[in-house]
Amino acid sequence: MSELNFKITGDESELKRFLENVAKLQKQTNDQLAKDISSALNMEQKERKKAEKATPDQRKGSQDVVASINDEVKARATQAASDYGRAASDANLSILPFYVINPFYRL
Numbered sequence: 001m002s003e004l005n006f007k008i009t010g011d012e013s014e015l016k017r018f019l020e021n022v023a024k025l026q027k028q029t030n031d032q033l034a035k036d037i038s039s040a041l042n043m044e045q046k047e048r049k050k051a052e053k054a055t056p057d058q059r060k061g062s063q064d065v066v067a068s069i070n071d072e073v074k075a076r077a078t079q080a081a082s083d084y085g086r087a088a089s090d091a092n093l094s095i096l097p098f099y100v101i102n103p104f105y106r107l
């Protein structure tokens with residue numbers, strides 16, 4: 001069987017221009033993508049630094065709140081203890097309800 005060989009001739013300047021435009025668009029797209037990624041990373045770093053700075057401030061604020069709650073609890077406990085001591089001393093001087101209810105109870 002015989003082989004056929006074809007020789008195609010033509011103007012490939014249009015193809016070259018098209019490929020050059022594709023290469024140019026690809027370069028522009030890559031440059032824009034790199035710029036966007038760089039911008040996003042810089043923004044992320046700034047936000048992370050803000051968060052790192054805010055964390056100690058929040059921790060200090062939380063510690064202040066806990067300290068004030070502890071102080072309030074201590075004050076209430078002290079007040080309750082003094083009220084209980086006063087009630088205990090008043091109980092020694094007053095008539096307890098048991099004596100009133102049970103008339104047969106003798107001291």
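Taken in order, the sequence shown gives residues 1 to 107; the numbers are from UniProt numbering.
Cβ coordinates follow ideal geometry from the N, Cα and C atoms, glycine included.
Since the model is a prediction, treat every value here as computed from it, not as a measurement.
| task | Give the straight-line distance between the Cα atoms of S13 and L19, rounded to the nearest whole angstrom. | result | As a first step, residue 13 must be located in the sequence shown, where it is residue number 13. As a first step, residue 19 must be located in the sequence shown, where it is residue number 19. Cα-Cα distance, rounded: 10 Å.
| said: What does the alpha-carbon distance come out to for the pair Q58 and K74? | reply: Position 58 of the sequence shown, counted from the start, is the residue given in the question as residue 58. Position 74 of the sequence shown, counted from the start, is the residue given in the question as residue 74. So the alpha carbons of these two residues sit roughly 24 Å apart.
| field | 8 Å Cβ cutoff, S39 in contact with chain D | value | Absent from the structure: chain D. Only one protein chain is present.
| query | Does DSSP put F18 in a helix, in a strand, or in coil? | reply | The residue given as residue 18 occupies position 18 in the sequence shown. Note: F18 maps to helix in three-state DSSP.
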